[in-house]
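Asks: All the letters of the sequence shown, read from the start, carry residue numbers 216 to 552 under our numbering. Cβ atoms here follow ideal geometry from the backbone N, Cα and C, with glycine treated the same way.
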Amino acid sequence: MLSMKSRYIVFKEPFKVSIEEEELRDIGPHEVLVKTRCTLISTGTELTAYSGQFPEASRWADYVKYPFRPGYCNVGEVVEVGSHVKEFEVGDRVASLGGHAEYVIVPERELIKIPDEVSDEEAVFHTIAAGVMNSVRLASVSLGDFVVVAGLGLLGQMAVMFSRLCGAFPVVAVDLADFRLKLAEKSGAVFTINAGREVVYEKVRELSEGRMADVVFEVTGNPSVIPEAIKLVRKLGKLIILSSPRGPSTLDFHDEINAPSRIIIGTHFTSQPEVETLHFPWTRRRNTELFFNLLKFKVIDISHLVTHRFKWYEVEKVYSELWRDRTRFLGVILYFR
């Protein structure tokens with residue numbers, strides 16, 4: 216490879232965004248060089264890293280080390296392949312976990328081809344979609360389940376969408392922002408609850424005719440919500456932690472979990488297996504390919520999730536505005552072309 220340089224976005228320290236430049240190394244025999252077309256901001260994760268507001272000695276503290284390079288929702292075009300790469304060639308449009316950078320070097324095994332029928336703006340949601348599919352699958356959402364989704368960012372919107380696709384009815388969407396509640400209706404929510412104006416527990420009890428929810432997805436990332444979310448779950452029902460809570464929660468395990476025999480399941484993105492097995496074949500690759508096929512065959516529509524588009528070099532303004540009021544934003548796409 217000829218000498219090439221690439222610019223990338225980096226958080227130098229909390230609340231300080233910078234664009235840096237680096238010399239690209241030569242790719243290995245099983246690696247692919249990808250020129251980025253667009254990336255998606257994963258708001259919850261990236262604002263946590265941007266602000267540095269997480270507990271010391273936590274997994275967040277292990278993950279975010281400054282300088283920190285954000286991003287893991289990348290769509291790009293192959294510009295060079297390693298000598299042993301077999302599945303990809305120059306010109307292929309691909310999805311990867313690459314960050315917000317002009318070029319990314321990706322192992323062949325982590326790349327996924329994008330069908331011609333799927334646009335960049337649709338495909339760039341792949342990481343979020345795969346993670347939520349994994350969560351809905353681990354929750355075993357099934358026909359007729361009463362599902363509550365608390366928190367309507369990108370993860371929550373897709374939890375609504377995929378729960379409906381699995382046959383859940385009704386799906387109840389909960390948030391503080393009317394803007395996001397309106398979008399949740401387009402995602403498939405049957406009922407919406409503004410938690411700032413209504414008592415969520417009473418409303419869920421009314422809508423469920425006293426039965427409460429079979430499954431509740433916690434997607435706010437706010438640890439203080441978890442003790443309230445568990446109360447929405449029926450006996451033997453499930454609380455699904457789809458968010459990455461930023462701190463500890465306090466629960467009475469006897470009253471809220473043991474006595475009602477409720478189940479709590481953590482469904483982090485990284486719980487997707489890297490290798491297919493007979494017992495659990497749904498790897499990130501398979502989830503992503505399914506997501507692309509659902510888009511290709513018009514089974515789902517995610518166009519309403521894109522609310523803002525920016526040039527990638529406008530990032531200082533973008534993160535500042537997101538931090539000021541994230542409820543005005545949902546899908547924020549950075550364009551590198």
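#1: For the alpha helix (DSSP H) containing Y534, name the first residue and the last one.
#2: Where does H341 sit, in a helix, a strand or coil, going by DSSP?
#3: Looking only at DSSP bridge pairs, what is L248 linked to?
#4: From what residue to what residue does the alpha helix (DSSP H) around D467 run?
#5: Please state if the CB of V293 and the CB of V247 are separated by a distance shorter than 8 Å.
#6: At the level of alpha carbons, what is the spacing between V434 and G366?
#7: Can you name, in chain order, every residue of its own chain whose Cβ lies under 7 Å from the Cβ of P438, other than the five neighbours on each side?
#8: Identify, in the order they occur along the chain, each residue of the same chain with its Cβ nearer than 8 Å to the Cβ of E325, setting aside the five sequence neighbours on each side.
#9: Starting from the Cα of G411, find the closest Cα among H523, L391, T254 and give me that residue.
#10: Helix, strand or coil for F406, going by three-state DSSP, please let me know.
#11: Under the DSSP definition of a beta bridge, which residues are partnered with V225?
#12: Taking the straight line between their C-alpha atoms, what separation do you get for K513 and A338?
#13: Mapping the DSSP letters down to three states, classify R284 as helix, strand or coil.
#14: Going by the DSSP bridge assignment, what does E238 pair with across the sheet?
#15: Considering only the alpha carbon of each residue, which of L537, P496, L447 lies closest to R426?
Replies: Let's see:
#1: 530-539
#2: helix
#3: E295, I320
#4: Segment: none, D467 is in no alpha helix (DSSP H) and carries neither H nor E.
#5: yes
#6: 5 Å
#7: P460, R461, G462, P463, S464
#8: S311, L312
#9: L391
#10: strand
#11: S233
#12: 13 Å
#13: coil
#14: K220
#15: L447
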